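Novice: In the UniProt record's numbering, the protein residues as written are 1 to 125.
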Amino acid sequence: MVVNKPDMIAFCIPGGRIVVFTGLLEHFGTDEEIATIIGHEMANVDLILLVLIFDRIELEADYIGLMLLASAGYDPRVAPKALEKLDQFTGDKMNPSVKERAQLLAQAKVMEEALAIYTETRSGY
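(1) I need the DSSP call for Arg17, collapsed to helix, strand or coil.
(2) When you compare the CB positions of Val20 and Ala10, do they come within less than 8 Å of one another, or not?
(3) Determine the direct distance from the alpha carbon of Tyr118 to that of Ala72, and round the result to whole angstroms.
(4) Comparing alpha-carbon positions, which option in Ser123, Gly23 and Leu104 lies nearest Asn4?
(5) Looking at the secondary structure, which residues open and close the alpha helix (DSSP H) in which residue 150 lies?
(6) What separation, rounded to the nearest whole angstrom, lies between the Cα atoms of Pro80 and His40?
(7) Under the assumption that Arg101 contacts Glu33 (Cβ atoms under 8 Å), give the Cβ distance between them as a whole number of angstroms.
(8) Take Leu86 as the anchor and find which of Pro76, Val78 and Val98 has the nearest alpha-carbon.
(9) Whose C-beta lies closer than 8 Å to the C-beta of Gly29 among residues of the same chain, with five residues either side of it excluded?
(10) Within 10 Å of its beta-carbon, does Pro76 have 16 or more other beta-carbons around it, so buried, or fewer, so exposed?
(11) Do you know how far the Cα of Leu50 is from the Cα of Gly15?
(12) Locate the alpha helix (DSSP H) running through Ile9, then write down its first and last residues.
This is the structure in structure tokens:
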């Protein structure tokens, strides 16, 4: 999509559309230069999708890890606390944040499921 404005801007929007302002097109004189900018924006679209996928994978790994922890006979109530401890070292450097991940594991529904597995494992069944 081309926007008729003098600004030298190009960016991607949700859905993978790339927006280029005419100011940018006028400033770059060759197709190769414009292709460089558009190529960069195309890569941004791919990278944004990867980040979204990575975030989801992190949350799934936390959930599965919690269930494996419980299945192995370890108390799953320790997991959110362990992540909170990790948060002291990582802070907001991770996405989703470790603090957010700890809160998701501590949710009643998730923890009840893990505790049921833990209790069953500890009882020998």
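Cβ coordinates follow ideal geometry from the N, Cα and C atoms, glycine included.
Predicted model, so just to flag it, every value in this text is computed and none were measured.
Specialist: Answer, in terms of the structure:
(1) On the sequence shown, position 17 is the one that residue 17 refers to. If DSSP states are grouped into helix, strand and coil, Arg17 belongs with the strands.
(2) Taking the sequence shown and counting its residues from 1, one reaches residue 20 at position 20. Taking the sequence shown and counting its residues from 1, one reaches residue 10 at position 10. Contact flag set, yes.
(3) Within the sequence shown, the letter at position 72 stands for residue 72. Within the sequence shown, the letter at position 118 stands for residue 118. The alpha-carbon atoms of Ala72 and Tyr118 are separated by roughly 8 Å.
(4) To locate residue 4, count along the sequence shown from 1; it is residue 4. With distances taken between Cα atoms, Asn4 lies closest to Gly23.
(5) A query on residue 150 cannot be resolved here, the shown segment of the chain reaching from 1 to 125 and no further.
(6) Along the sequence shown, one-based indexing puts residue 80 at 80. Along the sequence shown, one-based indexing puts residue 40 at 40. Taking the straight line joining both Cα atoms gives about 39 Å.
(7) Stepping through the sequence shown from its first residue, residue 101 is reached at position 101. Stepping through the sequence shown from its first residue, residue 33 is reached at position 33. For Arg101 against Glu33, the beta-carbon gap comes to about 42 Å, at or over 8 Å, which does not count as contact.
(8) Within the sequence shown, the letter at position 86 stands for residue 86. Sorting Pro76, Val78 and Val98 by C-alpha distance to the C-alpha of Leu86 places Val98 at the top.
(9) Residue 29 sits at position 29 when you count from the first residue of the sequence shown. Cβ within range, chain order: n/a, list empty.
(10) Your numbering for residue 76 matches position 76 in the sequence shown. With a 10 Å radius around the Cβ and a threshold of 16 neighbouring Cβ atoms, Pro76 comes out buried.
(11) Translated into the one-based positions of the sequence shown, residue 15 becomes position 15. Translated into the one-based positions of the sequence shown, residue 50 becomes position 50. Their Cα atoms are separated by approximately 14 Å.
(12) Within the sequence shown, numbered from 1, the residue matching residue 9 stands at position 9. From DSSP, Ile9 is part of no alpha helix (DSSP H); its letter is neither H nor E.
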